[in-house]
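Reading through the structure tokens given below for one structure.
Number of protein chains: 2
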Amino acid sequence: MQKTILIIEDDNEINNMLCILLQQNGYKTVSAFSGTEGILVHGGNISLILLDLMLPGKSGEEIICELKEKHNVPVIVMSAIHDISKKVNLFSLGADDYVTKPFHNDELLARISARLRKNTDISVSETLIYKDIILNNTDYSVTCNGKSVELSKHEFALLKLLMENPKRTCTKSIIYDTVWDYENSADDNTLNVHMSKLRKKLKECNPDEDYIETVWGIGYRLKK
Amino acid sequence: MQKTILIIEDDNEINNMLCILLQQNGYKTVSAFSGTEGILVHGGNISLILLDLMLPGKSGEEIICELKEKHNVPVIVMSAIHDISKKVNLFSLGADDYVTKPFHNDELLARISARLRKNTDISVSETLIYKDIILNNTDYSVTCNGKSVELSKHEFALLKLLMENPKRTCTKSIIYDTVWDYENSADDNTLNVHMSKLRKKLKECNPDEDYIETVWGIGYRLKK
DNA sequence: TAATTATTTAAGACTTATTTAAGATTTGAT
DNA sequence: ATCAAATCTTAAATAAGTCTTAAATAATTA
């Protein structure tokens, strides 16, 4: 299965170069050009993060922390700094590896694959809760009003995205990007159908609640 | 608990220096002075291996392979070789990280603790129990509904992985990583076939129970 | 009200899983 | 080292589940 790598790098040229390199080697890529954008974009479909240390805005330490908090995947730091003590700090804060620029493509690829290979420990349990819905990221299970709900892969991803962003409206294009990995044309009905099915399954468990709100012309969000 | 690190390094002075450094930092150490000795000494109480690449006797590749086979713990390779292609080979053979000599103590310690951090939760329990299945890790035996079940190596590993994570869904990629030590493409049927055989054998022992549940598009898990 | 956007249903396309069997590979005993 | 037995992988046919599309209906906005 193709893994998606999030590239957080402010230099447009390097970012683009990395995209091409990784795509040529069988990965999907998502680009962000600042730490804050990276944190925003980071979600459940990302398997690994390449983080450039010298970013404008927040410090690298803060960024790693927030990325890990949102979804704990391996972070490989790219840095021009050779300072050892810096490396130690990054490790202790949760960076899983680093490469110093300029780096060899082969070395970077090797480090990525080593990290992905090791990321199979299934010890990180993530549970999202909204009203009486409990979504368990680890065993792909959902309960609503105490009853277990059987969701398909896309339905699950849809609900997960909403529950990860409880106060935000998820636009259709964001949903297509995240759940389907591609941007659908506006006239596509697929998302609507899935949303309908998801709502129906939730309603069966709890007929008295409406969980998901339609934001006309924009997308969907969870109700207050 | 104090972790034990196996140091495989033929230079007496470096070996000794590493022992002191690691002991000062709260680790127990075991020293070996050749690859073959390392393999001999390596056992269940070792949490991590520091391996010098330039050893007399077997090649580093063979040694890593045999060490991992005996007891799969992180291997950090120490090497004076800067050659990138060599690094790539080592990664693909299962080395988890490397340091180039001469290395800074702080860097080595950081890499060790990063590697150990990833590996802490693999507590090896002797006997796993789920419903009426009893799996014994020590003698590789399984009984189900009182009857003994003859499982092949992969079937055993498969069942063990599920029983070690009774509440979780094991994704196909995790299963391939754990049971097969490599990531198979999605269209590979091997896992499906093994799962089918495992289910069949369990069903023969207890026709009334369904133990393993398919999570469509994701993987497998034990039933509630 | 007209135009646009969303919901629902159902059918067929498509994807993923299961099973069986055959050939390849590995293991273990001689 | 060789052979036999067991196991693993691959392939193909079948089965099960999911996704997309289309069309009819409903809701919202301008």
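Chains as they are written, first to last, in this note's numbering: chain A, 68 to 291; chain B, 68 to 291.
Glycine residues also receive a C-beta, built at the ideal position from the N, C-alpha and C atoms.
Whose C-beta lies closer than 8 Å to the C-beta of residue i among residues of the same chain, with five residues either side of it excluded?
i      : result
Y94/A  : Q69, K70, T71, I72 and I179
E280/B : Y287, R288, L289 and K290
E222/A : H261, K264, L265 and K268
K220/B : none
H138/A : H109, G110, G111, I113 and E193
I81/A  : D119
L183/B : K70, S114, L115 and P141
V282/A : T236 and R288
Q90/A  : T96
E129/B : G102
S152/A : Confidence in S152/A is poor, its pLDDT being 46 and thus under 50, which makes the residue's placement unreliable; the coordinate value appears in the next sentence. There are no such residues.
Please say whether residue j and residue i have beta carbons closer to each other than 7 Å?
i      : j      : result
K239/A : G286/A : yes
I116/A : V142/A : yes
V144/B : L120/B : yes
L88/B  : N172/B : yes
Going by the DSSP bridge assignment, what does residue i pair with across the sheet?
i      : result
R288/B : E280/B
S244/B : A small correction: the amino acid at residue 244/B is Asp; Ser does not occupy that position in the sequence shown. D244/B is not bridged to any residue.
M145/A : D119/A and V166/A
I196/A : I201/A
I106/A : Beta-bridge pairing links I106/A to no other residue.
S180/A : S180/A is not bridged to any residue.
I72/A  : T96/A and L115/A
V209/B : L202/B and V216/B
T238/A : G286/A
When you compare each of the options to residue i by their alpha carbons, which one comes out closest?
i      : options                           : result
I200/B : K137/B, D277/B, D119/B and D77/B  : D277/B
A181/B : I131/A, D119/A, K137/A and D163/A : D163/A
F100/A : Q91/A, N203/A and N79/A           : N79/A
Y165/B : H138/B, E231/B and I131/B         : I131/B
N232/B : Y197/B, Q90/B, D255/B and L120/B  : Y197/B
G127/A : S208/A, V97/A, Q91/A and T103/A   : T103/A
S146/B : S98/B, L175/B and K220/B          : L175/B
K26/B  : A224/A, L183/A and Y207/A         : Lying outside 68 to 291, the shown extent of chain B, residue 26/B is not represented and no answer is given.
S98/A  : V282/A, N83/A and A224/A          : N83/A
A224/A : Q90/B, G284/B and T96/B           : G284/B
Excluding five sequence neighbours on each side, which residues of the same chain lie with their C-beta closer than 7 Å to the C-beta of residue i?
i      : result
L85/A  : I74, E76 and L117
T210/A : I201 and V216
C237/A : L228, L229, G286, Y287 and R288
E133/A : I106
N92/B  : L176
D150/A : Below a pLDDT of 50, predicted positions are generally treated as unreliable, and D150/A, at 47, falls in that range; the measurement from the model is reported next regardless. Excluding residues within five positions, none has a Cβ falling inside 7 Å.
L226/B : L202, V209, L218 and L265
For residue i, verify whether its CB is less than 6 Å away from any heavy atom of the ligand SAH.
i      : result
R266/A : The model on display carries no ligand, and the ligand SAH is accordingly not part of it.
What residues in its chain sit with their C-beta under 6 Å from that of residue i, if we drop five residues either side in the sequence?
i      : result
T245/B : L228
L195/B : L202 and M230
D255/B : none
I241/A : none
W247/B : none
N212/B : D199, C272 and N273
So, do the stretch 214-232 of chain A and the stretch 262-272 of chain A have three or more beta carbon pairs nearer to each other than 8 Å?
-> yes
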